[in-house]
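To convert, take the position in the sequence shown, counting from 1, and add 60; that gives our numbering. C-beta atoms are modelled at their ideal positions from N, C-alpha and C, and glycine is treated no differently. Below is one structure, written out as structure tokens; comments come after it.
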Amino acid sequence: MEPVLRGEDLRKYFGNVRAVDGVSLHVMPGETLSIIGPNGAGKTTLLNLVSGIIRPDSGRVVVRRGDRYVDVTGWSPARITRLGVARAFQVPNIFDNMTVIDNLRAALVGATGVYSRTLKPYYSIASVEEEAWRLLEFFGLAGKAESLARDLSHGEKKVLDMALALASKPNILLLDEPTAGLSAAEKPLVTGLLKRLRDEAGVAIVVVEHDLDVVFEVSDRVMVMHEGRLLAEGPPEEVRRDPRVKEAYLGEEA
Ligand SMILES: Nc1ncnc2c1ncn2[C@@H]1O[C@H](COP(=O)(O)OP(=O)(O)OP(=O)(O)O)[C@@H](O)[C@H]1O
Ligand SMILES: [Mg+2]
Numbered sequence: 061m062e063p064v065l066r067g068e069d070l071r072k073y074f075g076n077v078r079a080v081d082g083v084s085l086h087v088m089p090g091e092t093l094s095i096i097g098p099n100g101a102g103k104t105t106l107l108n109l110v111s112g113i114i115r116p117d118s119g120r121v122v123v124r125r126g127d128r129y130v131d132v133t134g135w136s137p138a139r140i141t142r143l144g145v146a147r148a149f150q151v152p153n154i155f156d157n158m159t160v161i162d163n164l165r166a167a168l169v170g171a172t173g174v175y176s177r178t179l180k181p182y183y184s185i186a187s188v189e190e191e192a193w194r195l196l197e198f199f200g201l202a203g204k205a206e207s208l209a210r211d212l213s214h215g216e217k218k219v220l221d222m223a224l225a226l227a228s229k230p231n232i233l234l235l236d237e238p239t240a241g242l243s244a245a246e247k248p249l250v251t252g253l254l255k256r257l258r259d260e261a262g263v264a265i266v267v268v269e270h271d272l273d274v275v276f277e278v279s280d281r282v283m284v285m286h287e288g289r290l291l292a293e294g295p296p297e298e299v300r301r302d303p304r305v306k307e308a309y310l311g312e313e314a
């Protein structure tokens, strides 16, 4: 099997800060890849480089489309999304003053170009409506459809942000700390969603996550970042035992 996305020797410095300092990664179809590491390790910056939010100082990002790879380095986030790479955020990126269902309608209209009768693809309003409800059901938010997004719990906002990312029908979903700020009671909900997304939606997931219980439960593979570099990479059990990881990351938590 060939990767659906590759980042090659990516580098991004902010002044003297080597946020990402020569990191390569690949994402296999349908896998869940976790990226862990201490605060400031460069995890969010790496996601920003992959999703086009910031441009790398050097290195390349390529995305598979059919049987070839497209070099998307320097492309806008919107263009990269159209190649099947979607993104949810560390701080939920939702319209607080709109209802939950309207947030989804907006995302779907944006993703499908429903009002754009001259540009492909064109979808009907009815299909937007149907897809909005399908996503609400999948993410367990149907009961909150008419609630204003600002009235959701923090956990529900994180879930809504994930649902919005799915609007573009991605084959790669990038998630930045989906359980950040969630209570112990809310975390299993997100863990369950991550598993269902992989198993039922068949989407490859790249998840930055601090909660190691979540990481070791959902991941097929784990990458450990430290000071902008890749410290270790492998199956969860292997990474958990790696003494360098314990020292740089797990030790710090203990
Ligand atoms: N826009 C920016 N301007 C200047 N410095 C930045 C910028 N974005 C990130 N940095 C710096 O780059 C380094 C990596 O930051 P990044 O946000 O990628 O870390 P992170 O691993 O996501 O951390 P956290 O776990 O706290 O979210 C940090 O030292 C951070 O201060
Ligand atoms: Mg971060």
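Three or more C-beta pairs below 8 Å linking the region 267-283 and the region 94-107: yes
Residues near A225 in its chain [Cβ-Cβ closer than 7 Å; skip 5 each side]: A146, R147, A148, L233
Length of the line joining the Cα atoms of V80 and A167: 30 Å
Check: G102 C-beta below 6 Å from any heavy atom of ligand 1: yes
Cβ-heavy atom distance, V305 to ligand 1, below 6 Å: Not so, every heavy atom of ligand 1 lies at least 6 Å from the Cβ.
Where V299 falls, given that 16 or more other Cβ within 10 Å makes a residue buried: So V299 counts as buried.
Nearest residue (CA-CA) to M158, options S207, Q150, I113, V130: Selection S207, Q150, I113, V130 evaluated against M158 yields S207 as nearest (Cα-Cα).
Buried or exposed (CB count within 10 angstroms, at least 16 for buried), S279: buried
Inter-residue CB distance, A292 and R304 (contact presumed, cutoff 8 Å): With 8 Å as the limit, A292 and R304 qualify as a contact, their Cβ atoms being about 6 Å apart.
Sequence-distant residues of its chain with Cβ nearer than 7 Å to L242 (five each side left out): H214, G215, K218, V250
With 16 other Cβ atoms within 10 Å as the buried cut-off, status of F74: Exposed is the call here.
Continuous beta strand (DSSP E) stretch holding K72: start and end: 65-74
Identified DSSP bridge partners for S118: DSSP lists R71 as partners of S118.
T92 (DSSP reduced to helix, strand or coil): Three-state result, T92: strand.
Alpha helix (DSSP H) segment containing S187, residue limits: 185-198
Check whether A209 and A171 have beta carbons under 7 Å apart: no
Beta-carbon proximity check, P137 vs S111, cutoff 7 Å: yes
From L254, K247, E190, I140, residue whose alpha carbon lies closest to that of V64: I140
Reduced DSSP secondary structure (H/G/I, E/B, other) of K180: Note that K180 has pLDDT 49, beneath the 50 cutoff, so the model's placement of it is unreliable and the number below is only indicative. Here K180 sits in coil by DSSP.
Contact under 7 Å by Cβ, L70 with G144: No Cβ-Cβ contact shorter than 7 Å links L70 with G144.
Cβ-Cβ separation, M61 to A264 (assumed contact under 8 Å), whole Å: Rounded, the Cβ-Cβ distance is 11 Å, inconsistent with contact.
Reduced DSSP secondary structure (H/G/I, E/B, other) of A146: strand
Backbone secondary structure at S84 - three-state DSSP: In the structure shown, S84 sits in a strand (DSSP, three-state: E or B).
Unbroken alpha helix (DSSP H) run spanning G241, endpoints: Counting along the chain, G241 falls outside any alpha helix (DSSP H), and DSSP gives it neither H nor E.
C-alpha gap between F199 and G82, whole angstroms: 36 Å
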